[in-house]
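Chemist:
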Amino acid sequence: MSLTPYSGAWTKSEAAHLLRRTLFGPTHAQVTAVSQLTMADAVNQLLNIETVNPPVAFDAGETIVSPGSTWVNAVYPSNPVANQACEVARLKSLSYWLMYNINSQGMSINQKMMFFWQNHFGVALSSDARAAYTYFELLRTCCLGNFKQLIKDVTLDPSMLLFLNGNTNSVQAPNENYSRELLELFTIGKGDQIAAGDYSTYTEQDVSSGAKILTGYVVQGLRSATLTAAQTLYLAPLHDTSSKQLSYHFNNAVIANNGAQEYSDYIDVIFSQDQVAHFICTKLYRYFVNYDITNAVETLIIPELAQTLINNNYDIQPVLFELLTSDHFYDVALRGTIIRSPLETVFTMLNSTETIPNVNLTTNANIYMTIYYANQNMGLDYAAPPSVAGWTSYYQLPSFSRLWVNSTTIKFRFDMGQGLLFFGIPINGYFLKINTLNFLNNLSIPSDADAVIYDMCELFIPKALEASEHVGLVNVLTNFLPTFEWTLQYNDYLANPGNASFSDPVRQRVELVMDRIFKMPQFQMI
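In the numbering used here, each residue's number is its place in the sequence shown (first place is 1) plus 11.
1. Between which two residues does the beta strand (DSSP E) containing Q231 stretch?
2. Thinking just about the alpha-carbon of each residue, which of T212, R527, V517 and L454 is nearest to the one in G483?
3. Tell me where the alpha helix (DSSP H) around A144 begins and ends.
4. Rounded to the nearest angstrom, what separates A460 and S46 at their Cα positions?
5. Report yes if the C-beta distance between Y213 and L225 is below 8 Å; otherwise report no.
6. What are the boundary residues of the alpha helix (DSSP H) that Q327 is part of?
7. Let me check understanding here. Comparing Cα to Cα, which of L354, L34, T15 and Y17 lies closest to L470?
8. Report the three-state DSSP secondary structure of Y213 (helix, strand or coil).
9. Measure the Cβ-Cβ separation of L316 and E333 and say whether it is below 8 Å.
10. Which class does N114 belong to by DSSP, given the choice of helix, strand or coil?
11. For the region 362-369 and the region 83-102, state whether three or more C-beta atom pairs, one from each stretch, are separated by less than 8 Å.
12. According to DSSP, is T243 part of a helix, a strand, or is it coil?
13. For the candidate residues I321, S104, V165 and T145, whose alpha-carbon lies nearest to that of T381?
14. Please report how far the alpha carbon of F197 lies from the alpha carbon of A288, in whole angstroms.
15. Which residue or residues does DSSP assign as beta-bridge partners of F442?
16. Ends of the alpha helix (DSSP H) at I528?
17. When you compare the region 215-223 with the region 233-246, are there three or more beta-carbon pairs, one atom per stretch, that lie closer than 8 Å?
18. Whole angstroms are fine: how far does the CA of F358 sit from the CA of Y465?
19. Taking G430 as the reference, which of T420, L443, N439 and T419 has the closest Cα?
20. Is V165 near L155, with beta carbons less than 8 Å apart?
21. On the DSSP bridge assignment, give the partners of T81 in chain order.
22. Starting from I278, follow the alpha helix (DSSP H) in both directions and report where the run begins and ends.
23. Rounded to whole angstroms, how far is the Cβ of H339 from the Cβ of L30, which I believe are closer than 8 Å?
24. Straight-line CA distance for S404 to T348?
25. So S235 and V86 are in contact, right, with Cβ under 8 Å, and what is the actual spacing, rounded?
26. So, does the region 111-127 touch the region 55-63, judging by three or more C-beta pairs under 8 Å?
27. Taking the beta carbon of F126 as the centre, do at least 16 other beta carbons fall within 10 Å, making it buried, or is it exposed?
28. So, at 7 Å on beta carbons, what are the nonlocal neighbours of H39 in its own chain, with the 5 sequence-adjacent residues on each side left out?
29. Identify whether K123 lies in helix, strand or coil by the three-state DSSP scheme.
30. Where L331 and K530 are concerned, what is the direct C-alpha to C-alpha distance, given to the nearest angstrom?
Shown next, in the form of structure tokens:
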């Protein structure tokens, strides 16, 4: 077992596996296009940052900017009631923006990696939507960049300072919240406790010294009627100017007073330990490959990824390229080993069928708000992780991603699929519904029942079905008639455009097949 480049056949099966793991639901056209590239070209194409427009106002509570304009650099109303209403409106807009961006993903790992970092840092929305937007944009634009620099940027980000009380950390009243999580959850990780206050990778002394190092930062301009952004300021009188002694885990380093740059010196010392690379590469492996870290993976795969990260000065992109082009990543035994998150479930239903709302600003926004709430019901509130550790499905031994599914959340998954297929989800008089005929028409050979099922399963199912399962889906599509009857039925539909007596039977059969697929255990996996 190693990370040697994959050299096997490059088919739609491998292309679909790559895209299921790196996108929130690929389309048939994307799978086909990627299968016609080389593997290296396909992965390189994925490793890019998309251009995204900022969120825009749509709610009546927004009284500073007009509908359709962005508020990310706008002041707040001075009146307290209007100020609060404006904040609520902007948080709605931000939720709309988050969902819209996933629904509008291109051939890019951008949204998948942005969510990786949102889970990694676990930051809930701050008390200023502008600050929350700035934080999310930091994660999005830097998701493939330098891990060390990202840690430095997040450390001073207003949302993080507010979330873990860094803005109240001063020489007069040190606060250890951020300094503890910086070590335990964000960089080096907490190992086994080997002595009182010693966690194998750091000690309580490091937490205490780290808190002193990080003193002196405050946030100003929250929901200000005069300032157009929440800002981080360094105030020298609040900073602890003493020398800070670290533990033997960091070679007993002493961090001398360096004012506003002292935090950067400290992070450099943390990153001098190879365990940082091992820690973050383990999380990347669990996110993209398999939550189960076997002894072989622990001793052969993770160290190789970590060394690549170190050799590239902690740039993330080379690590992802090595992982996503490796023989190990394409191992058939590792396909279908991760249960889809709510985001992966909902947006596979939407994105793979090219279901993108296009009504008007207010209706579109409310559609995406509804999608946001649907994910909440399934256990994933994007802007409010349950704790600073993120979602339990990414770290809780031994269940990991199995925690996404229980008797309540599986019903929400099934209901979402049925709503999108049969009834439409009502919003402002509009019904959000998958256009199954459009989806069918874009498959490789829509008139061939077997080809239709193969194409659908390629998108939605991580491994080839048993022959009996394939036949079962074909029978649903053809209503147990010979497959040539489907060919005749589809061709009649094509020959009579706009005639519901021909299109409805075709649409209904496809809806039944997709409903069956969305309820299959295999669909819950990627």
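All C-beta atoms, glycine included, are put in the ideal place defined by N, C-alpha and C.
Every value quoted in this text rests on a predicted model; they were computed, and no experiment measured them.
Modeler: Checking against the coordinates, here is how it stands:
1. Y228 to Q231
2. R527
3. First, the residue type needs correcting, since residue 144 is Tyr and not Ala in the sequence shown. Element bounds for Y144: A140 to T152.
4. 22 Å
5. no
6. Sequence check: residue 327 is Ile here, not Gln. Per DSSP, I327 belongs to the alpha helix (DSSP H) from I327 to L335.
7. L34
8. coil
9. yes
10. helix
11. no
12. strand
13. S104
14. 11 Å
15. P437
16. A511 to F529
17. no
18. 20 Å
19. L443
20. no
21. V67
22. E273 to I281
23. Incorrect: roughly 18 Å between the Cβ atoms, too far for contact.
24. 13 Å
25. 6 Å
26. yes
27. buried
28. N453, L454, D466 and L470
29. helix
30. 32 Å
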